[in-house]
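Numbering (the numbering used here), first residue to last: 1 to 500.
Down below is the structure, laid out as structure tokens.
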RNA sequence: GGCCCCAUCGUCUAGAGGCCUAGGACACCGGCUUUUCACGCCGGCAACGCGGGUUCGAAUCCCGCUGGGGUCACCA
């Protein structure tokens, strides 16, 4: 096979945002395509109208774009093998089903969900594994019409081949499933839509997909797909089932984790790509981190650019063991990522962060934002900028004073902090050159003059202007805030002493 | 429970029979730095699940056990 024949796809169903695990699947497919000069196709698996979420598609596209995973064929750009929405390919699936029906590879059944449930329950109570009982005689089309007329659900089931099926997986090796463990499964639902298995196999063939990289939870589905390919005389793509990603405690990473945390009054964990975007992570860092979950370039290499990954990626180096998503390590990656990106890139990413969060700091000009970013050196995520310097963009009256900070820094020792603050107020009012270096010089000399530690002078101001003990370095903080607002906030803090 | 997959530090992993007294990263623990919070720097702790083989030699190959995971829908 020539390398230009590599065609891979990412096939999400439009039920929400892009999950972080889905992002890794998309990335691996994308990397393979880019490395081989092949095509990365985006296909939308919208065959279940009941589960569909209205604005999910634009969200997924937006998440993919934010990550930088561009597609060569798919929604919004089309391509030679479209349409790329399964809901627009119904006619194709229908004709394939007809073909299978004609050739005896599929048959109609008329069971209601309730009847099926009874059969399954019975099998369970008898400790038998349930497999759909294939009828000796397949119902005719006329039978199907009659059943439909009588109001019974009509579905089409695939007659699985009666031999064992071997899946050749390039990560796991050969996986053999015996004939008796295979079941006749539904390929056309009673609403006329194809099931996932059916649509997926047909589209992969027609779209000339060469490699299928997907999560390992699909491994058990693969014999079904291979059976279908055999009956339809399709070719079988190269399969590569990726190890799964779990929470650090081994549970599934699910959107429900967010609800649970919220219910407990905790901060919800990031699960979807969009969550990480909102939390202030860099997309390239997320990609780098997630690539290392199940894949490793070897040679103790970890920090990789997208280009590095395109170059180093290989199916052979994908592991078999499930991984746990270590948020601490991601945070560490993001910290170095933020410390090493170019300042223009950082500014762009920060603007994006402010925009998705609709933060008032958006109003600031580039120079001011750059100054804030510089002042927040050591930040782990862009959210840190908000906790550390967000007070700058709050109206004076919206500053909330942390009671512990007030007590410890200002009120303690008979209001020693307040006393220093009062002296500082006078000195600062007279200081005209409102710029970091100059302010720094002033404050240092005052500390020396008054024979106090720098911290004993810095902390009272910090609390006065920010309400907390956390802010950028004090002189930078003052420059960022400006002379006027600094004065107002000190006055405001001073009033706390008397309670007026 | 049936079927399937997997098994190296707490976590992500390197390791493709001798280079392993098992390497890196994160976390953790100590120390340094310090103007708060972070960052940074230095040092340390820490793993081949168990039992059998095969071999001169096994983390690496084989078998069993144990453990973990996935899947058993007219959802993808």
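Where a beta carbon is used, it is the ideal one built from N, C-alpha and C, also for glycine.
- For residue 166, the enclosing beta strand (DSSP E) begins and ends at 165 to 169.
- Following the DSSP letters along the chain, one finds residue 491 inside the alpha helix (DSSP H) bounded by residues 483 to 498.
- With a cutoff of 7 Å on beta-carbon distance, residue 155 and residue 186 are scored as near each other.
- Take the alpha-carbon of residue 71 and the one of residue 277: they are about 20 Å apart.
- In the structure shown, the three-state DSSP call for residue 139 is coil.
- Taking C-beta separations shorter than 7 Å and ignoring five residues to either side along the sequence, the partners of residue 243 in its chain run 216, 294, 319, 320, 321, 322, 323, following chain order.
- With fewer than 16 neighbouring CB atoms inside 10 Å of its own CB, residue 102 falls in the exposed class.
- Counted as a single uninterrupted DSSP element, the alpha helix (DSSP H) harbouring residue 461 occupies residues 454 to 466.
- For residue 46 and residue 129, the gap between their C-alpha atoms comes out near 31 Å.
- Residue 25 and residue 213 do touch by the CB rule: their CB atoms are close to 7 Å apart, below 8 Å.
- Residue 53 sits exposed, since fewer than 16 C-beta atoms from the chains shown fall within 10 Å of its C-beta.
- Secondary structure of residue 113 (DSSP, three-state): helix.
- The beta-carbon separation of residue 43 and residue 16, rounded to 17 Å, does not stay under the 8 Å limit for a contact.
- Restricting attention to 200, 467, 108, 174, the CA atom closest to the CA of residue 87 is found in 200.
- Residue range 39 to 42 is occupied by the beta strand (DSSP E) that includes residue 39, with no alpha helix (DSSP H) assigned at that position.
- For the pair residue 337 and residue 282, the CB atoms are nearer than the 7 Å cut-off.
- With a cutoff of 7 Å on beta-carbon distance, residue 57 and residue 14 are scored as near each other.
- Judged by DSSP in its simplified three-state form, residue 19 adopts strand.
- Counting along the chain, the unbroken alpha helix (DSSP H) around residue 57 starts and ends at 56 to 67.
- Each residue's CA atom was taken as its position, placing residue 270 and residue 386 some 18 Å apart.
- In the structure shown, the three-state DSSP call for residue 51 is coil.
- If you draw a straight line from the Cα of residue 5 to the Cα of residue 315, it is about 16 Å long.
- With a beta-carbon spacing of about 5 Å, residue 209 and residue 7 fall inside the 8 Å limit used to define contacts.
- Taking the CA atoms as reference points, residue 79 sits about 43 Å from residue 150.
- Just so you know, the alpha carbons of residue 274 and residue 395 end up roughly 29 Å apart.
- Taking 8 Å as the upper bound for CB-CB distance, residue 493 and residue 458 are not in contact here, some 14 Å apart.
- In the DSSP assignment, residue 346 falls within the alpha helix (DSSP H) that extends over 343 to 357.
- Residue 433 holds the alpha-carbon nearest to the alpha-carbon of residue 484 among 433, 37, 445, 442.
- Taking 7 Å as the cut-off, the Cβ atoms of residue 470 and residue 388 count as close.
- Take residue 169, set aside five residues on each side of it, and the residues of its chain with a beta-carbon closer than 7 Å to its own are 175, 239, 240, 241, in chain order.
- Of the candidates 326, 496, 489, the residue whose Cα lies closest to the Cα of residue 250 is 326.
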